[in-house]
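First the structure, in the form of structure tokens, and then the observations on it.
In the UniProt record's numbering, the protein residues as written are 1 to 251.
As structure tokens, this is what we get:
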């Protein structure tokens, strides 16, 4: 069901976040500790988005297990970034294992990841997809639930919606009809992280001028705090706000 991570703070090598920690995202490809709702490994691809000076993310995605990609390992030792969104993928049965199905999805300055599954896909998203322009539907990156969720969120962001409210709206579109869905969403523009917990684990770590959100803590230090299920997290490098999400109050 995938694992994902977001980081904001002083620039660090990508490897320091993704490869080197004791329980890194790399290790979570073959040995995750807290998978829920099916799936035991995350070997159906991976992706990393990082931000430099121009405000838009660079991306590296591949439809292979992270540990097999020696080119990425070399890049991760050299590339530094102060904002990162990364994910390793466990494809839901019936969904394709292709590069374009791997998070992060991106548009302009935004990067997005979905950890989970929309119950009843694809029929359960048919009504929500009616909000989208035909061109958006015809140009989906992949025939997956995550790609449709990204299209729904991107549709709102392009129209100037508040990002946290846009995330809540997309969450509500799904869980009002299929509350058994697993909807851990993660969105960043390189300055703010917005995340939800709905059916999957998430932890937050505050450092010196930094914040990390991760499906699983990648270290054993006491700075990690588990986020309660059904929560909305809004964070930057200075502050973390966690709000409960009441199904009955979702837009």
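We put the CB at the ideal spot given by N, CA and C, even for glycine.
Pair within 8 Å by beta-carbon distance, residue i and residue j
i: residue 163; j: residue 96; result: no
i: residue 41; j: residue 90; result: yes
i: residue 57; j: residue 146; result: no
i: residue 21; j: residue 218; result: yes
i: residue 199; j: residue 37; result: yes
i: residue 192; j: residue 234; result: yes
i: residue 71; j: residue 19; result: no
i: residue 52; j: residue 81; result: yes
i: residue 211; j: residue 185; result: no
Euclidean distance between Cα positions of residue i and residue j
i: residue 4; j: residue 47; result: 9 Å
i: residue 176; j: residue 251; result: 9 Å
i: residue 232; j: residue 151; result: 20 Å
i: residue 44; j: residue 149; result: 19 Å
i: residue 63; j: residue 101; result: 8 Å
i: residue 156; j: residue 137; result: 15 Å
i: residue 104; j: residue 59; result: 8 Å
i: residue 2; j: residue 34; result: 11 Å
i: residue 26; j: residue 61; result: 14 Å
i: residue 165; j: residue 153; result: 10 Å
Nearest to residue i (by Cα), restricted to the options the options
i: residue 248; options: 241, 235, 242 and 230; result: 230
i: residue 113; options: 194, 211 and 209; result: 194
i: residue 7; options: 187, 241 and 198; result: 187
i: residue 209; options: 62, 237, 167 and 155; result: 237
i: residue 140; options: 124, 106, 167 and 160; result: 106
i: residue 216; options: 82, 81, 115 and 94; result: 115
i: residue 55; options: 189, 214 and 243; result: 189
i: residue 228; options: 197, 161 and 168; result: 197
i: residue 124; options: 98, 174 and 135; result: 174
Secondary structure of residue i, DSSP reduced to three states
i: residue 177; result: coil
i: residue 218; result: coil
i: residue 103; result: coil
i: residue 163; result: helix
i: residue 28; result: helix
i: residue 43; result: coil
i: residue 108; result: coil
i: residue 201; result: coil
i: residue 50; result: strand
i: residue 168; result: helix
i: residue 150; result: helix
i: residue 140; result: coil
Residue-level contact to chain C via CB, residue i, 8 Å cutoff
i: residue 118; result: This model lacks chain C altogether, as it is built from one protein chain only.
(request) Mind the definition here: the stretch 215-232 touches the stretch 196-206 only if three or more C-beta pairs lie below 8 Å; say whether that holds. (result) Three or more beta-carbon pairs drawn from the stretch 215-232 and the stretch 196-206 are found closer than 8 Å, and the two stretches are therefore classed as touching.
(message) Taking contact to mean 3 or more Cβ pairs, one atom from each stretch, closer than 8 Å, check whether the stretch 115-125 and the stretch 177-193 are in contact.
(response) yes
(message) Does the stretch 125-139 come into contact with the stretch 80-90, if we say contact requires no fewer than three beta-carbon pairs (one atom in each stretch) closer than 8 Å?
(response) no
(request) Would you check if there are 3 or more beta carbon pairs closer than 8 Å linking the stretch 46-60 to the stretch 14-33? (result) yes
(message) Within 8 Å, do at least three Cβ pairs link the stretch 20-38 to the stretch 66-77?
(response) Result yes; three or more Cβ-Cβ pairs closer than 8 Å.
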